[in-house]
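Engineer: According to my numbering, the sequence shown is numbered sequentially starting from 325. Even glycine gets a Cβ: it sits at the ideal position worked out from N, Cα and C.
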Amino acid sequence: MPAYFLRRSSIKTKLMLSMAACLLLFLLISSALSVMLTARSLRARAVNQELPAVVGEIRNDVLRQISVPLAAAQAIAGNVYLHAWEREGLPDTGLDAWRAYAARVKADNKAATVFWASASTLKFMDESGLSYMLDKANPRDAWMSSFLGGGRPYELNMNPDPKTGELKLFINTRADAGAGKLAVTGIGLSIEALGQAVRAYKVGASGHVYLVREDGTILLHRDAARADGKHKLQDQPGFTSALAAQLLGKAPFAHGELASEQGSLIVASSPIPQLGLYVVAEVPEREVLGDLARSATIAALAAGVVGGGIGLLVVFLVSRAIAAPVARAATMLGEIADGNGDLTRRMPVESEDEVGKLALAFNRFVSSLNRTMNEVRDSTHAIAGASAEIATGNLNLSSRTEAQASSLEETAAAMEELTSTVRQNAENARQANLLVSSASGQAEQGGRVVGQVVATMGEITDSSRKIADIIGVIDGIAFQTNILALNAAVEAARAGEQGRGFAVVASEVRNLAQRSAAAAREIKALIQDSVVKVEAGAKLVDDAGAAMTGIVQAVQRVAGLMGEIDAASSEQSQGIGQVNQSIATMDDVTQQNAALVEEAAAAAAALEDQAEQLSRIVAEFKLEDVARVQALPAPIR
């Protein structure tokens with residue numbers, strides 16, 4: 325919606341809105357900076373000037389209130405009669421004078437008690453007389469030794485009353501009676517009365533004041549529970565050790581900030597060196613700066629409203645002065661634009677400002693447009709002629725492309741037949757390779773069988789030789805048997821009749837030995853003949869094995885050749901397939917080219933129509949002759 329409004333708005337409205345937005349932004353930033361800087365300055369003044377003055381007044385008033393009883397305590401410590409009484413050991417003869425003097429001091433200073441504590445006799449005297457006896461071993465009475473050992477002339481201490489137990493502020497003063505006699509004397513003030521006095525101090529609407537000792541112990545506070553001598557400043561809610569050290573740093577004035585349930589607080593302190601105390605004030609920051617910040621904000625807003633009104637008036641006048649010439653120029657441009665394409669009109673140049681420059685630029689634009697339209701008109705005629713020639717050429721190219729596509733289809737069919745034939749040859753070569761491989765395997769097996777036969781024949785030859793050797797042994801045995809039989813016959817003949825039977829046996833044995841020898845010779849001859857024949861058969865088997873080895877090697881070479889033929893046939897088949905695929909691709913490309921040529925022809929025809937339409941459009945403009953276009957008029961001076 326804002327973008328639509330800006331598009332529909334006039335330059336005057338846009339100028340006013342933009343300058344008003346810038347003015348508003350400037351006023352907001354300047355007002356915020358003014359409020360921030362003013363608040364910072366006021367805060368610095370309040371914290372560094374006004375708050376120290378208020379805290380200083382309270383410090384002086386506290387010093388004034390305590391200085392009177394402090395002076396009274398110092399007067400007691402310097403009383404020569406009391407010194408003499410101390411040197412005498414505080415005899416009872418001086419009790420009446422002491423009671424009268426203590427009662428008068430108590431009444432004059434509105435004190436809760438007046439006391440004299442002797443370090444030598446350990447008597448604790450008050451306005452009523454002897455109150456009790458001090459016991460150095462009792463922690464309750466350690467305050468006297470601590471004070472006298474510290475060497476200070478006086479101190480303020482918060483302790484319970486020895487008789488009533490009520491918490492009081494004691495102003496302890498050192499009394500030196502001479503002859504080594506020391507005592508502590510002073511005045512005890514009611515903590516309730518002092519608390520009321522402290523609570524009466526106000527800083528702002530709700531700020532309060534309290535007293536703190538140099539060691540950070542809270543001495544007087546509007547909250548009596550915190551003024552028991554046990555609470556430290558750094559232990560209070562929101563305080564830190566660093567902040568407490570800063571406030572108790574003995575500077576004339578110190579301040580800081582802390583967070584609380586009521587918001588941010590400004591805490592300030594000022595020392596009372598005479599008493600060893602610090603006045604500490606706490607005040608909410610909003611009370612210190614609230615009215616000041618509100619006043620600064622109102623003043624900044626008032627100044628912003630007045631300045632904004634004046635600025636808006638100036639913005640209105642300036643916007644109108646800037647937008648009026650532009651509006652006049654827009655009116656003239658509208659008149660030229662409504663001239664039905666008349667590019668012979670020119671804007672009058674009446675000034676040298678931005679409007680005059682706009683008129684000059686418009687005139688140059690119209691002249692340039694006139695030249696461009698003349699060139700477009702001439703180019704349109706040229707495009708129309710070129711489009712006609714392109715259309716004619718595309719028709720011729722289309723017919724030639726169709727003829728080429730037909731030739732490629734025939735070539736693709738022939739290559740398909742060749743591919744089928746080569747594939748069949750490759751299959752036959754593969755089958756032959758398988759058969760040759762099978763024959764090679766069988767030949768190898770036959771070679772192995774022949775080798776086994778050769779080995780068997782060798783074994784038979786060896787066995788025959790062994791048999792021949794055995795027959796030789798048998799022949800030797802028969803020969804020996806024959807010799808033995810012959811010897812037996814000779815011996816039988818010598819024996820006569822007794823050896824006749826033995827001679828017959830010896831004769832038979834000799835006959836058997838001779839027949840055995842003859843049989844052995846025949847067997848040996850047969851074995852030798854068998855060995856010769858077996859050796860001849862083994863030689864023949866060796867020759868057959870060599871022939872089988874040659875056959876196996878030849879078959880293996882044939883198998884290798886058939887494998888190469890198979891591989892070559894496969895590669896040839898793949899190559900022809902790729903050629904066939906390439907021809908198919910060329911056919912597709914040719915078909916696409918034919919389609920593209922037809923599309924180009926159609927585009928050329930459409931371009932020719934567009935050129936004619938462009939010629940008609942250009943003809944609607946009223947153009948000047950380029951040769952007659954004069955130089956632009958110079959601005960009026």
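Would you report the Cα separation of residue 958 and residue 691, rounded to the nearest angstrom?
Structural biologist: Below a pLDDT of 50, predicted positions are generally treated as unreliable, and residue 958, at 42, falls in that range; the measurement from the model is reported next regardless. Looking at the two C-alpha atoms, the distance is approximately 15 Å.
Engineer: Could you give the distance in angstroms between the alpha-carbon of residue 554 and the alpha-carbon of residue 495?
Structural biologist: 18 Å
Engineer: Using a Cβ-Cβ cutoff of less than 8 Å, which residues in the same chain neighbour residue 515 once the five nearest sequence positions on both sides are dropped?
Structural biologist: 482, 490, 491, 492, 493, 544, 548, 551
Engineer: Report the CB separation of residue 442 from residue 507 in whole angstroms; it is logged as a contact under 8 Å.
Structural biologist: 5 Å
Engineer: Thinking C-alpha only, which one of 569, 798, 829, 456 is nearest residue 809?
Structural biologist: 829
Engineer: What are the uninterrupted segments assigned as alpha helix (DSSP H) that are 4 or more residues long and contained completely in the segment 480–526, given in chain order?
Structural biologist: 515–524
Engineer: Among the residues of its own chain, which have a CB less than 6 Å from the CB of residue 955, if the five just before and after it don't count?
Structural biologist: Caution applies to residue 955, whose pLDDT of 47 falls short of 50 and renders its modelled position unreliable; the value that the coordinates give is listed next. Excluding residues within five positions, none has a Cβ falling inside 6 Å.
Engineer: Of the residues 610, 378, 774, which one's Cα is nearest the Cα of residue 587?
Structural biologist: The option with the nearest alpha carbon to residue 587 is 610.
Engineer: Could you tell me the distance, in whole angstroms, from the CA atom of residue 517 to the CA atom of residue 505?
Structural biologist: Rounded to the nearest angstrom, the two C-alpha atoms are 34 Å apart.
Engineer: Around the Cβ of residue 498, are there at least 16 other Cβ atoms within 10 angstroms (buried) or fewer (exposed)?
Structural biologist: buried
Engineer: Provide the residue span of the beta strand (DSSP E) that contains residue 450, from first to last.
Structural biologist: 447–450
Engineer: Go through its chain and collect everything with a Cβ distance to residue 726's Cβ below 6 Å, but skip five positions before and after it.
Structural biologist: Leaving aside the five residues that flank residue 726 on each side, the residues in its chain whose CB is nearer than 6 Å to its CB run, in chain order, 918.
Engineer: Counting beta carbon pairs with one atom in the segment 462–476 and one in the segment 522–536, are three or more of them shorter than 8 Å?
Structural biologist: no
Engineer: Pick from 382, 416, 389, 799: whose alpha carbon is nearest that of residue 435?
Structural biologist: 389
Engineer: Within 10 angstroms of the Cβ of residue 476, are there 16 or more other Cβ atoms? Answer buried if so, exposed if not.
Structural biologist: exposed
Engineer: Measure the Cβ-Cβ separation of residue 457 and residue 446 and say whether it is below 8 Å.
Structural biologist: yes
Engineer: Beta carbon of residue 455, beta carbon of residue 486: below 8 Å?
Structural biologist: yes
Engineer: Tell me where the beta strand (DSSP E) around residue 471 begins and ends.
Structural biologist: Boundaries for residue 471: no beta strand (DSSP E) harbours it, while the alpha helix (DSSP H) harbouring it runs 466–474, taken from the DSSP string.
Engineer: By the three-class DSSP mapping on this structure, what secondary structure does residue 439 have?
Structural biologist: strand
Engineer: Let's test the definition: count the other Cβ atoms within 10 Å of the Cβ of residue 342 and tell me whether it reaches 16, buried, or not, exposed.
Structural biologist: Classified as exposed, residue 342 has fewer than 16 neighbouring CB atoms from the shown chains inside 10 Å of its CB.
Engineer: Could you tell me which residues DSSP puts in a beta bridge with residue 583?
Structural biologist: 588
Engineer: Provide the residue(s) that pair with residue 457 in DSSP beta bridges, ordered along the chain.
Structural biologist: 447
Engineer: Nearest to residue 703 by CA position, among 885, 557, 569, 938, is which residue?
Structural biologist: 938
Engineer: Check residue 762 in the structure and name its three-state DSSP category.
Structural biologist: helix
Engineer: Put residue 594 into one of helix, strand or coil per three-state DSSP.
Structural biologist: strand
Engineer: Residue 536 and residue 602 - do their beta-carbons sit closer together than 8 Å?
Structural biologist: yes
Engineer: Residues in the same chain with beta-carbon distance under 8 Å from residue 862, minus the five sequence neighbours each way, listed in chain order, please.
Structural biologist: Hits under 8 Å: 778, 781, 782, 785.
Engineer: Please work out which residues of its chain come closer than 6 Å, Cβ to Cβ, to residue 400, disregarding the five sequence neighbours upstream and downstream, and give them in chain order.
Structural biologist: 509
Engineer: Which same chain residues end up closer than 6 Å to residue 707 when comparing Cβ atoms and leaving out the 5 residues on each side of it in sequence?
Structural biologist: 935
Engineer: Taking residue 347 and residue 633 to be in contact with their CB atoms under 8 Å, please state how far apart those CB atoms are, rounded to whole angstroms.
Structural biologist: No, residue 347 and residue 633 are not in contact; Cβ-Cβ is about 10 Å, not under 8 Å.
Engineer: Measure the Cβ-Cβ separation of residue 729 and residue 914 and say whether it is below 8 Å.
Structural biologist: In this structure, residue 914 lies closer than 8 Å to residue 729 by Cβ.
Engineer: I'd like to confirm the pairing. Which residues does DSSP put opposite residue 556 in its beta bridges?
Structural biologist: Under DSSP, residue 556 takes part in a beta bridge, and its partners are 541.
Engineer: Give me the residue from 711, 513, 557 with the minimum Cα distance to residue 931.
Structural biologist: Distance check between residue 931 and each of 711, 513, 557 places 711 closest, using alpha-carbon atoms only.
Engineer: Would you kindly report the start and end of the unbroken alpha helix (DSSP H) that includes residue 375?
Structural biologist: 375–401
Engineer: Out of 600, 806, 392, 772, state which residue places its alpha-carbon closest to the alpha-carbon of residue 430.
Structural biologist: That would be 392, whose Cα lies nearest to the Cα of residue 430.
Engineer: Identify which residue in 409, 749, 428, 566 has its Cα closest to the Cα of residue 898.
Structural biologist: Ranked by Cα distance from residue 898, the options 409, 749, 428, 566 are led by 749.
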